[in-house]
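The structure appears right after this line, and notes come after that.
2 protein chains.
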Amino acid sequence: MTHGFTLDARLAADTEPVADFVLCRVRLMNDARFPWLILVPARPGLSEWHDVGPDDAALLWDETARAARALETLCAPEKINIAALGNIVRQLHIHVVARNTGDAAWPGPVWGAGTTEPYTPDALTSRREALAALLAGG
Amino acid sequence: MTHGFTLDARLAADTEPVADFVLCRVRLMNDARFPWLILVPARPGLSEWHDVGPDDAALLWDETARAARALETLCAPEKINIAALGNIVRQLHIHVVARNTGDAAWPGPVWGAGTTEPYTPDALTSRREALAALLAGG
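Quick mapping for you: the protein sequence lines, in order, are chains L and X. Heads up, our numbering is the position in the first sequence plus 514, with the first residue counted as 1. Heads up, our numbering is the position in the second sequence plus 514, with the first residue counted as 1.
Here is the structure:
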């Protein structure tokens, strides 16, 4: 079912791989300001969340919830933000972002807020490994 | 199952009722800049999208998709934005927003963008009735 799927070039450039779920590629946004996962259903030509098929919808729910719980375990955030926007990158991707009072965009949305601050190489490796371990535990 | 549920006061103030689904109250954001529905699961104490129970999760998916399709039918937008943020209002609510190139926040997110422009009374009635008819059709 992933035949024909190619990750959007901008998503590939802005994120780093963390895990492959049954439906979704799970990627870490390379922005140290926010613990931020992006889930991309590996289905070609999909743009709108409500166009996901019924079987995939259940998987997408489950996998998004797993990503949210991994961020909760890792960061104990005040709130999780979940969104499918796609105004710029049309390939369907679900943002799962851990938010806290006083973070760089609080209480506003993270999209378009300020300037991305890439992780240092060590911090990126550390965060990817921690999230991969949590996501593997399901 | 809706016992003990009360709509958050800020959501009540910012929106107008459109339909009652099995799980969600469907409300229209009173901002004429964006065709914008908000779905509120009528469950007390719910804040995070991933804390919705498995049965409700399927309902929430279905009802959110119905809301998105109603906006597509009514407005033929370029993109639908779907999000559960809750940084300010903690009661779980799902935004379903019809977006177009050149709208008041494009391509950025609608939350926190500019100043709300309430509908005129006639326009509000017209939009609520049109959406209620579309949502009743499933």
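For every residue, glycine included, the Cβ atom is placed at its ideal position computed from N, Cα and C. None of the values given here were measured: they were computed from a predicted structure.
Chain L residues whose Cβ lies nearer than 9 Å to that of residue i
i, result
"X:Leu542", "Within 9 Å Cβ-Cβ: nothing; X:Leu542 doesn't reach chain L, min ~18 Å."
"X:Arg583", "His564"
Residue interval of the alpha helix (DSSP H) (run including residue i)
i, result
"X:Asp534", "First-last for X:Asp534: 529-534, but that is the beta strand (DSSP E), not the alpha helix (DSSP H)."
"X:Ala550", "Correcting the residue type first, residue 550 of chain X is Trp in the shown sequence and not Ala. Here X:Trp550 belongs to no alpha helix (DSSP H); instead the beta strand (DSSP E) covers 550-555."
"L:Ala579", "568-589"
"X:Arg613", "X:Arg613 -> not in any alpha helix (DSSP H); beta strand (DSSP E) instead, spanning 608-613."
"X:Arg642", "635-650"
Interface partners of residue i on chain X, CB under 7 Å
i, result
"L:Arg613", "Asn601"
Residue range of the beta strand (DSSP E) that includes residue i
i, result
"X:Ala597", "593-598"
"X:Asp540", "A small correction: the amino acid at residue 540 of chain X is Val; Asp does not occupy that position in the sequence shown. Segment 538-543, the beta strand (DSSP E) holding X:Val540."
Identity of the residue in the options nearest residue i by Cα
i, options, result
"L:Leu537", "L:Leu606, L:Glu592, L:Ala584", "L:Leu606"
"L:Ile596", "L:Leu553, L:Gly626, L:Leu521, L:Ala646", "L:Leu553"
"L:Ala556", "L:Pro549, L:Arg547, L:Phe548, L:Arg541", "L:Arg541"
"L:Val610", "L:Gly628, L:Ser640, L:Pro568, L:Cys589", "L:Cys589"
"X:Glu586", "X:Val566, X:Thr634, X:Ala612, X:Ser640", "X:Ala612"
"L:Pro558", "L:Gly518, L:Ala526, L:Glu631", "L:Gly518"
"X:Thr615", "X:Val566, X:Pro591, X:Asp545", "X:Pro591"
"X:Arg583", "L:Val566, L:Ala582, L:Ala581", "L:Val566"
"L:Asp528", "L:Phe535, L:Arg539, L:Met543", "L:Met543"
"X:Asp522", "X:Arg642, X:Gly628, X:Gly626, X:Arg604", "X:Arg604"
"L:Gly628", "L:Asp569, L:His564, L:Ala546, L:Asp636", "L:Ala546"
"L:Ser561", "L:Leu599, L:Glu530, L:Ala533", "L:Leu599"
"X:His564", "L:Asp534, L:Ala581, L:Trp550, L:Asp569", "L:Ala581"
"X:Asp570", "X:Phe548, X:Thr639, X:Ile602, X:Phe535", "X:Phe535"
Proximal residues of chain L, C-beta to C-beta of residue i below 8 Å
i, result
"X:Gly622", "Asn601, Trp625, Gly626"
Neighbour list for residue i in chain L, Cβ cutoff strictly below 7 Å
i, result
"X:Trp575", "Ala571, Trp575"
Amino acids of chain X, ordered along the chain, whose beta-carbon sits closer than 9 Å to that of residue i
i, result
"L:Thr578", "Trp563, His564"
"L:Ala598", "Ile594, Asn595, Ile596, Ala597"
ask   = Should the segment 611-622 of chain X be regarded as contacting the segment 611-620 of chain L, the criterion being three or more beta carbon pairs within less than 8 Å?
value = no
request  = Indicate whether the contact test is met: 3 or more Cβ pairs, each with one atom in the segment 637-650 of chain L and one in the segment 559-578 of chain X, closer than 8 Å.
outcome  = no
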